[in-house]
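In what follows, a single structure is set out as C-alpha cells and then discussed.
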Amino acid sequence: MLDSTADFLDRAAKLGANQQELQNLQALGYDTFGKLAFATSYTPGQQDDTLLKHLAAEVTGQDPPPAARLPIVRRLFFESYTLAAADMQMRLERKDDAVPRLLANAERSSRYEDQKKRLSGIDMTGLIRETKVSEALKANTDTDLKLRLALPRRSLAFDQARLVDYNAFEKWTQTMMEAYGTVPPEGYLRVSVEQLHRADLQLFKAMMRETRSGIKPLVGIRPVEQALLKAMDSAEVRLCLQPLQGTNKRKLEPAEDDKKPKPSPDVSKLQKTVENLQGQIKNMRANPSAPVKGRKGRGKGGKTNLIRMPPQLIGMAPTNPQGEPHCYDYNIKGCSRAKPGERCPKGWHCCMRWGCGKPHPQFEHQ
Numbered sequence: 001m002l003d004s005t006a007d008f009l010d011r012a013a014k015l016g017a018n019q020q021e022l023q024n025l026q027a028l029g030y031d032t033f034g035k036l037a038f039a040t041s042y043t044p045g046q047q048d049d050t051l052l053k054h055l056a057a058e059v060t061g062q063d064p065p066p067a068a069r070l071p072i073v074r075r076l077f078f079e080s081y082t083l084a085a086a087d088m089q090m091r092l093e094r095k096d097d098a099v100p101r102l103l104a105n106a107e108r109s110s111r112y113e114d115q116k117k118r119l120s121g122i123d124m125t126g127l128i129r130e131t132k133v134s135e136a137l138k139a140n141t142d143t144d145l146k147l148r149l150a151l152p153r154r155s156l157a158f159d160q161a162r163l164v165d166y167n168a169f170e171k172w173t174q175t176m177m178e179a180y181g182t183v184p185p186e187g188y189l190r191v192s193v194e195q196l197h198r199a200d201l202q203l204f205k206a207m208m209r210e211t212r213s214g215i216k217p218l219v220g221i222r223p224v225e226q227a228l229l230k231a232m233d234s235a236e237v238r239l240c241l242q243p244l245q246g247t248n249k250r251k252l253e254p255a256e257d258d259k260k261p262k263p264s265p266d267v268s269k270l271q272k273t274v275e276n277l278q279g280q281i282k283n284m285r286a287n288p289s290a291p292v293k294g295r296k297g298r299g300k301g302g303k304t305n306l307i308r309m310p311p312q313l314i315g316m317a318p319t320n321p322q323g324e325p326h327c328y329d330y331n332i333k334g335c336s337r338a339k340p341g342e343r344c345p346k347g348w349h350c351c352m353r354w355g356c357g358k359p360h361p362q363f364e365h366q
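What the sequence shown shows, in the UniProt record's numbering, is residues 1 to 366, in sequence order.
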C-alpha cells in the first residue's frame, strides 16, 4: 500500500483532490504515500507549517494555495506520513509467522487492467478468471479440461503479483501439456497427471533454493522468474516428465481404434454361437448331476449333446433339479399350452432363474 500508485491516487480522489491536482502530484513524482511522506522536511505537529504550505502550492498549482484546498493536501500528507511510520514500525516488529498482507482493491484493479492491456489474446473471464479464495480451497483437476484451465489461472496470479511474467510461466505449462499429450513408445506408459504433479513440485523446490535471498522484484529483475527459467531445464524436473516403462502394450489411440474394421454378419453370428455354447457349458458345470442325452461316437465313451438355448436365456437353468427341461417359450414370451407350474410338451412352466423354480416366467422374477 505504501508504494502503490493506484491506491494513492484513489485515496487522494476520495479526499477531494481534483483532476489537476492529481496530475500535478504525478508530474512532481509524488505518486505514492511513501514518496509524499518524504516530499518535505515538515513533520505533523510542527508549529511552523511554511514548508507544508509550499508543498500545497506545488500540488494545487497556486501560490499561495487556496484556503479551501489546503486541508485536503494537509490530510493527504498526514496520512502518508502516518503510513510510512506504521510501515517502519511493522518492519521492526515483524515476526517470521506474520500473515502476508493482501493487495488493496485499487492496486488489484490497476494490475488487472494492466494485464488486460498486455495480454490481449486472453479472455480473463469465466473459468480462467483468477479470484481471491481461501487457503483451504484447491483447484479442481479431475479432468484434462479442468487441469488445462487451472494452469493459466496460476500463471495470471503470478503475473498479477509481479513475480513472474505470464508468458514465462506459460512456457512451463506448455512443457507439461506437451509431455502429457505425447504418445509413448511401445512398452511404455503415458505420462500421468501424477507425474505432472511431481514435476511441478520439483520445479518449485528448485525455485525455492534459487530464491533464498528473497523474491521481491528489484530494478528490472524478477528473482522468481529467473529461478523458474533455470529450474525448467534442470534434470530433476525433466526426469519426472519421462514416460515410465510398462508391462502392457500401449492402448490404441481413439483415432486408431475407430479405424478397426467392423465384424461381418457371419462373424457376428459365429460370435453369438460361441456365447451360446459358453453359456451352456456354464449351465452344465453348475448342474453336473442333471442327466443329459448322449450317443456313441467313434472314440471311447460317448459324445454329449449340448443344449442349445435362446440368447435371452443364456446363463439360466435349462432344466429343473430332476433334470427335466424348462419351457423356453414360457420364460420368453409366455406359453398357452399349460398353466403356470404345469408341464407342456416343451417343458415345465417354471422360472429358469437359478435357485428359483417357482411357477412364474423368469421375466417376472423378483
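Note that beta-carbon positions come from the ideal geometry of N, C-alpha and C, so glycine has one too. Values in this document were obtained by computation on a predicted structure and should not be read as measured data.
Reduced DSSP category for residue i - H, G, I as helix; E, B as strand; rest coil
i, result
"G315", "coil"
"H349", "coil"
"P325", "strand"
"C344", "strand"
"Y188", "strand"
"Q19", "helix"
"I221", "strand"
"Q245", "strand"
"D3", "coil"
"I215", "coil"
"M309", "coil"
"T40", "coil"
"N331", "helix"
"I72", "helix"
"I122", "coil"
"G29", "coil"
"F266", "It is worth fixing the name first, because residue 266 is Asp in this sequence and not Phe. In the structure shown, D266 sits in a helix (DSSP, three-state: H, G or I)."
"N24", "helix"
"Q62", "coil"
"K272", "helix"
"D49", "coil"
"G34", "helix"
"H54", "helix"
"R337", "coil"
"D142", "coil"
"K14", "helix"
"Q366", "coil"
Within 7 Å, strictly: CB atoms of residue i and residue j
i, j, result
"A231", "L203", "yes"
"H326", "G347", "yes"
"L76", "A56", "no"
"L52", "Y42", "yes"
"T143", "A150", "no"
"C351", "H365", "yes"
"Q312", "I332", "yes"
"P328", "H349", "It should be noted that the sequence gives Tyr, not Pro, for residue 328. Contact flag unset, no."
"S4", "A37", "no"
"S110", "A6", "yes"
"R308", "C240", "no"
"L15", "I72", "yes"
Anticipated Cβ contact below 8 Å, residue i with residue j, distance rounded
i, j, result
"L22", "L2", "Not quite, the Cβ-Cβ distance comes to about 18 Å (not below 8 Å), so this is no contact."
"F33", "A84", "7 Å"
"L229", "A168", "6 Å"
"I215", "L163", "6 Å"
"L147", "V219", "In fact, because the Cβ distance is near 36 Å, the residues do not count as touching under 8 Å."
"N320", "G357", "6 Å"
Any C-beta of chain C under 7 Å from that of residue i
i, result
"Y81", "In the structure shown, chain C does not exist; there is a single protein chain."
Examine the Cβ distances between the stretch 201–221 and the stretch 177–188 and report whether three or more of them are shorter than 8 Å.
no
In chain order, each alpha helix (DSSP H) run of at least 4 residues that lies wholly inside the stretch 149–209:
166–181
Counting beta carbon pairs with one atom in the stretch 175–186 and one in the stretch 214–230, are three or more of them shorter than 8 Å?
no
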